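Trainee:
Numbering (the numbering used here), first residue to last: 585 to 1342.
1) Where does residue 895 land, buried or exposed, given buried means 16+ other C-beta within 10 angstroms?
2) Give the secondary structure of residue 739 by DSSP, where H, G and I count as helix, E and B as strand, and everything else as coil.
3) Can you tell which of 646, 965, 1236, 750 has the C-alpha that lies nearest to the C-alpha of residue 869?
4) What's the gap between the Cα of residue 1085 and the Cα of residue 1092?
5) Assign residue 854 to one of two classes, buried (16 or more other C-beta atoms within 10 Å of its C-beta) or exposed (fewer than that).
6) First and last residue of the beta strand (DSSP E) that includes residue 724?
7) Could you give the distance in angstroms between the alpha-carbon of residue 1277 and the alpha-carbon of residue 1304?
8) Could you name the residues that DSSP lists as bridge partners for residue 907?
9) Tell me the DSSP secondary structure of residue 804 in three-state form.
10) Measuring CB to CB, does residue 1126 end up less than 9 Å from residue 1222?
11) Report all residues from its chain with a CB closer than 8 Å to the CB of residue 1203; omit the five preceding and five following residues, and keep chain order.
12) Go through the segment 609-661 residue by residue and report every complete run of the beta strand (DSSP E) that reaches 3 residues or more, in order.
13) Please tell me whether residue 1201 and residue 1114 are closer than 9 Å, where the distance is taken between their beta carbons.
14) Check whether the segment 991-1008 and the segment 969-979 are in contact - that is, three or more C-beta pairs closer than 8 Å.
15) Look at residue 1239 and residue 1116 and say whether their C-beta atoms are less than 9 Å apart.
16) Among 1314, 770, 1187, 759, which has the Cα closest to the Cα of residue 1232?
17) What are the residues that DSSP puts in a beta bridge with residue 783?
18) From which residue to which residue does the alpha helix (DSSP H) around residue 1025 run?
19) Is residue 980 helix, strand or coil when you go by DSSP?
20) Would you call the CB atoms of residue 644 and residue 683 closer than 9 Å?
21) Which same chain residues end up closer than 6 Å to residue 602 when comparing Cβ atoms and leaving out the 5 residues on each side of it in sequence?
22) Using three-state DSSP, classify residue 1178 as helix, strand or coil.
23) Please work out which residues of its chain come closer than 6 Å, Cβ to Cβ, to residue 1094, disregarding the five sequence neighbours upstream and downstream, and give them in chain order.
24) Just to confirm my understanding: we take residue 1216, look at its own chain, exclude 5 residues before and 5 after, and list those with CB closer than 6 Å. What are they?
25) Is it the case that the segment 931-948 contacts the segment 828-848, given that we only count it when at least three CB pairs across the two stretches are under 8 Å?
26) Could you name the residues that DSSP lists as bridge partners for residue 681?
27) Can you tell me which of the three DSSP states residue 1145 falls into?
28) Can you look up residue 857 in the DSSP assignment and give me helix, strand or coil?
29) With distances taken from CA atoms, which of 951, 1234, 1012 is nearest residue 1181?
30) In the structure shown, what three-state DSSP assignment does residue 1140 receive?
31) Where residue 748 and residue 1225 are concerned, what is the direct C-alpha to C-alpha distance, given to the nearest angstrom?
32) How is the alpha helix (DSSP H) around residue 1293 delimited, first residue to last?
33) If you reduce the DSSP assignment to three classes, tell me which class residue 1111 lands in.
34) To the nearest angstrom, how far is the alpha carbon of residue 982 from that of residue 861?
35) Would DSSP call residue 750 helix, strand or coil?
36) Considering only the alpha carbon of each residue, which of 1259, 663, 1017 lies closest to residue 985?
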């Protein structure tokens, strides 16, 4: 074959070597995976086949797998990625020398990496990531696996589990570079399951091996899954999942790798765990990653599918899954969405649930296996699955707070080009109740919005995702924990509410401060208010104030009209109250808005509804100030008849603050009229301030209705009417009367005088 002139910085060719020009090929799908590409004619001249090992010599020697370059490529060119160029210590366009490498297995590798990578990736997982790569001492390698030419006997299940461990445990894992401090033999060799791999204590300036820290992955039987050495405690580094992952790993590691210790202590391992958390919070990721870290096989079983099958078919599938679990110890039977296994219509377990209970009990009793079940509705899990010898331990994946959401967003946007106006802390503040799956969807949607915006624009390398893209994404991506029942966040804040200065101050202190500054309340030893009662005449802005609170973006808002929770079926109303507060806790920080609360919680002992409302009031009292603490959840109730509400709800610790929303005075009515008339053309000379003084007793809704009626009067006169005149307003005044009844107003003012208000 034809050779090119030798580069003066590269030694001359040796026996069997050919000179090629190395060219960086950054866009290749096999970049950073230890693969180079050459033309078919060059491959034949070297006596090689695709995916054979290749020895490449520049200013230093490295190894790679060789593959065919794209059709039409120059036969004198070797395509390589930036990582390979660094290993060769040459620049793109330099002459390098290539020849066939010996097909030999690496006996031992000593690898260095940042401490967080060493902590998250056990040596056996590292070896799996490097399988099939051609390495030599001094090489830099990535954690990206090569799937093109794996050594014989590679276990696909172990390979998949190891990759999940890396993806979950290492931040920006695709960009991590590792350094091979020592390797034997000295020439390029292939990493196989027989290679001894270990982490080093640190890099060495002279290239010599440093002492290992932690266990070394010894040669393994390719037909079995390698378990980590005893004492390995590598944590999973995923924002928000570290705690529950460590707790689950502790249980599985103790059962699978320290059963002798338990035996000496007079007990046996019995691992039945219920992992609870909101949908999308990362439960499946935790189970799969922890099992990979402890070297356990996962046998998944979707309970929703089981529940959809005929009983005999479901039991057969359950039995087969149990047999697979017992056949691959250590192993975990993973029951996903276990709440789908519900009792039958009689309240009994039913044949399927009974079969599941028996299966879980038998597996938990076996020291070689464990059962882990997940659910997003812990209260819906059948009690027959809980207890000794079953799912006796519970681990909760909490909803991420603002700081944790900020870390998650940083993790999810690590490879995303962000504009200077993007402040992830602001995005974190606007995403209460979002779990990692929601945030991932949000980041994806923001990127899609940016792509639509930039479509057709010249690609000059400055494409970025802006704050506007995130704002647009927030309009469509809602937290799954809200289950579609949240209030649509309006483009409105308390600053947009005219007048009502005192009312807005109370709402800011009672609702927004506890959600925004929880550390300050804790430092000063103050317990935040659990609830606020807004009372006042109808149409005076109580619901509008709540919408303004929702627009602040500090909390998810769950709106409920009082009558919606009442049911004629015994127990359904109380269950509705419990479900409401459960959703609020899952979506915390959250605001529950109880409109028409007088219908939901009237004075007890005075109803004729068989005690339904009495039980609802008791359920409300329990949720507001019961044994289970109400954290990061504020209740805002509204009514125009506060005298009808049960007095027990109005004491401190429940609805702490009673806020009177009075009807608007003259200046406030003038402002309301101006706001309502912004899009209505009025005749010149109409004095809205003077009109407002004539509207004594009119509510805000009445004022808006007056302008609307005047416009309708103009339309009745002529569909081509250009203006609303003073005459039209006078006619509307004869029709629209004040809705605030004097007796109701007197009752409200008396209530306000009798109760402490702010």
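Ideal Cβ placement from N, Cα and C applies to all residues, glycine included.
Keep in mind it's a predicted model, so treat the numbers as computed, not measured.
Mentor: Let's see:
1) exposed
2) coil
3) 750
4) 11 Å
5) buried
6) 724-726
7) 31 Å
8) According to DSSP, residue 907 bridges with nothing at all.
9) Residue placement at residue 804 is flagged as unreliable, the pLDDT there being 42, under the threshold of 50; the coordinate-derived value follows with that caveat. Looking at residue 804 - three-state DSSP - the assignment turns out to be coil, as it is neither helix nor strand.
10) For residue 1126 and residue 1222, yes; Cβs fall inside 9 Å.
11) Excluding residues within five positions, the ones whose Cβ falls inside 8 Å are 1157, 1158, 1161, 1162.
12) 619-622, 637-641, 645-652
13) no
14) no
15) With respect to residue 1116, residue 1239 sits close: the two C-beta atoms are nearer than 9 Å.
16) 1187
17) 695
18) 1020-1038
19) Collapsing the DSSP output to three states places residue 980 in a strand.
20) Not closer than 9 Å, so no.
21) 682
22) strand
23) 1113, 1116, 1241
24) Cβ-Cβ distances below 6 Å link residue 1216 to 1172, 1173 in the same chain, with the five nearest sequence neighbours on each side left out; the list follows chain order.
25) Judged by Cβ distances under 8 Å, the segment 828-848 makes no contact with the segment 931-948, as fewer than three pairs qualify.
26) 603, 641
27) strand
28) Strand.
29) 1234
30) strand
31) 58 Å
32) 1284-1301
33) coil
34) Roughly 6 Å between the two C-alpha positions.
35) helix
36) Ranking the options by Cα distance to residue 985, first place goes to 1017.
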